[in-house]
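Chemist: Structure below; questions to follow.
Protein chains in written order, with my numbering: chain A, 349 to 623; chain B, 39 to 170.
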């Protein structure tokens, strides 16, 4: 099972890297836009005044055997849920993964939507369906905020359960500004782009795309995190089992040897008595 | 001139080309060697690549952006597939679904218009692919 998890982890990792390069390109485009068109403003980037409804998306695994992975994510999720409930009148829970669903329903949290079709390779089309639905609800003003809780991937040895705000997408503008500063320092990429039809229109398209890719990245990170957690858990399980086998073998051998010694003593004792 | 098309999942196309025609949101746009740096908003439609040996490759892309600079054309798109892989029935179904969406508020109308336009472009492309 450790080997299976390792193979799945490699695959998930490759996908995560591909999505990472895509979102980097998107951020770079926004930085180019900021340079060409001045301000980067879009309805999806601005904080909403109203606080009627929020959605909390929780990404957990469908299966167990992955150590503290689900527990960590769910603890963070519950904390964020309570926090959101203080500011928003209504908080809906969207749960991905059977583990999260059973944990939350068992504790009497109301789960609005649940998704079990994601495994170790979430497809963009599947994530896109959920993301588009949420985006639509946000655009029509039905929800005012979207938070996601997932296991964020930092490196192979470090993943942390993280709660992030996906809508409004404040992070995009901040990243773009940071990126712009970095690029100016390196003096590379000083190209002046022509925008078709206009920076404004490109921005209108790029912000929803950035949101969807961001959401997709969360799913991929979660998939990678799950496989790593499973790999580590199963490695520990194999090692524990090996240790137990060796200690049980010793105990067994000792008992057998004891019995043999006993029998020899009886035979010798009997022989002595006869002679 | 290099042409690269990526979706969030993977790099779909990477080719050496002589000439590229991309579907912008309002019509086709052609990019040749030495084109001025440009960023454009893509619509849904046919991406035509004229390769080094003058053969033409056709791809279907749906939304996103094209960036051309330093003789590299890169497309960021949400969906990209070979023209021949398009399924006409599926495209028609998507169009029907889009047409059935509610348009009761300005925001919903905008979303619907976009979905319908994308679905129509897909049907058109699929029909074209079926004729070939």
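Beta carbons: idealized from backbone N, C-alpha and C, even for Gly.
Is it the case that the Cβ atoms of residue 77 of chain B and residue 67 of chain B are separated by a distance below 9 Å?
Modeler: Mapped onto the second chain, residue 77 of chain B falls at position 39. Mapped onto the second chain, residue 67 of chain B falls at position 29. Not in contact: residue 77 of chain B and residue 67 of chain B (Cβ atoms no closer than 9 Å).
Chemist: Quick check: the Cα distance between residue 390 of chain A and residue 143 of chain B, rounded to an integer number of angstroms?
Modeler: Here residue 390 of chain A refers to the residue found at position 42 of the first chain. Here residue 143 of chain B refers to the residue found at position 105 of the second chain. Those two C-alpha atoms are separated by around 19 Å.
Chemist: Thinking just about the alpha-carbon of each residue, which of B:75, B:109, B:99, B:71 is nearest to the one in residue 542 of chain A?
Modeler: Reading the first chain from its first residue, position 194 is the one you call residue 542 of chain A. When each option's Cα is compared against that of residue 542 of chain A, the closest is B:75.
Chemist: Under 9 Å, Cβ to Cβ, is there at least one residue of chain A near residue 52 of chain B?
Modeler: Mapped onto the second chain, residue 52 of chain B falls at position 14. Not an interface residue.
Chemist: How many angstroms separate the CA atom of residue 373 of chain A from the CA atom of residue 73 of chain B?
Modeler: Position 25 of the first chain, counted from the start, is the residue given in the question as residue 373 of chain A. Position 35 of the second chain, counted from the start, is the residue given in the question as residue 73 of chain B. Roughly 20 Å separates the two Cα atoms.
Chemist: Whose C-beta lies closer than 7 Å to the C-beta of residue 569 of chain A among residues of the same chain, with five residues either side of it excluded?
Modeler: In the first chain, counting from the first residue as 1, residue 569 of chain A sits at position 221. Counting only Cβ-Cβ distances below 7 Å, and skipping sequence neighbours, we find 364, 498, 499, 500, 501.
Chemist: Closer than 7 Å, Cβ to Cβ, to anything on chain A: give me those residues from the stretch 136-163 of chain B, in chain order.
Modeler: Answer set for the stretch 136-163 of chain B: 143, 145, 146, 149.
Chemist: Could you confirm whether any beta carbon from chain A is found closer than 9 Å to the beta carbon of residue 64 of chain B?
Modeler: Residue 64 of chain B sits at position 26 when you count from the first residue of the second chain. Yes - at least one Cβ of chain A is within 9 Å of the one on residue 64 of chain B.
Chemist: Taking Cβ to Cβ, would you say residue 95 of chain B is nearer than 9 Å to residue 53 of chain B?
Modeler: Within the second chain, the letter at position 57 stands for residue 95 of chain B. Within the second chain, the letter at position 15 stands for residue 53 of chain B. Result yes, Cβ atoms of residue 95 of chain B and residue 53 of chain B sit closer than 9 Å.
Chemist: Tell me whether residue 470 of chain A is buried or exposed, calling it buried when 16 or more other Cβ atoms sit within 10 Å of its Cβ.
Modeler: The residue you call residue 470 of chain A lines up with position 122 of the first chain. Buried is the call here.
Chemist: Let's test the definition: count the other Cβ atoms within 10 Å of the Cβ of residue 131 of chain B and tell me whether it reaches 16, buried, or not, exposed.
Modeler: Here residue 131 of chain B is taken as the residue at index 93 of the second chain, counted from 1. Label assigned to residue 131 of chain B: exposed.
Chemist: On the CB-based measure, 16 or more other CB atoms within 10 Å of its CB, does residue 351 of chain A come out buried or exposed?
Modeler: Position 3 of the first chain, counted from the first residue, corresponds to residue 351 of chain A. Exposed, by the Cβ-count rule.
Chemist: Under the three-state reduction of DSSP, which class applies to residue 88 of chain B: helix, strand or coil?
Modeler: Stepping through the second chain from its first residue, residue 88 of chain B is reached at position 50. Residue state, collapsed to three classes: strand.
Chemist: Is DSSP giving residue 80 of chain B helix, strand or coil here?
Modeler: Stepping through the second chain from its first residue, residue 80 of chain B is reached at position 42. It is a strand residue.
Chemist: On a CA-only basis, which of A:366, A:413, A:539, A:571 is nearest residue 383 of chain A? Give me that one, please.
Modeler: Taking the first residue of the first chain as 1, we reach residue 383 of chain A at position 35. Ranking A:366, A:413, A:539, A:571 by Cα distance to residue 383 of chain A puts A:539 first.
Chemist: Residues of chain B with CB under 7 Å from residue 404 of chain A, in chain order?
Modeler: Within the first chain, the letter at position 56 stands for residue 404 of chain A. Simply none; closest approach about 23 Å.
Chemist: For residue 120 of chain B, collect the residues of the same chain with a Cβ closer than 7 Å to its Cβ; drop the 5 residues on either side in sequence, then sort them by chain order.
Modeler: The residue labelled residue 120 of chain B in the question sits at position 82 within the second chain. Counting only Cβ-Cβ distances below 7 Å, and skipping sequence neighbours, we find 97.
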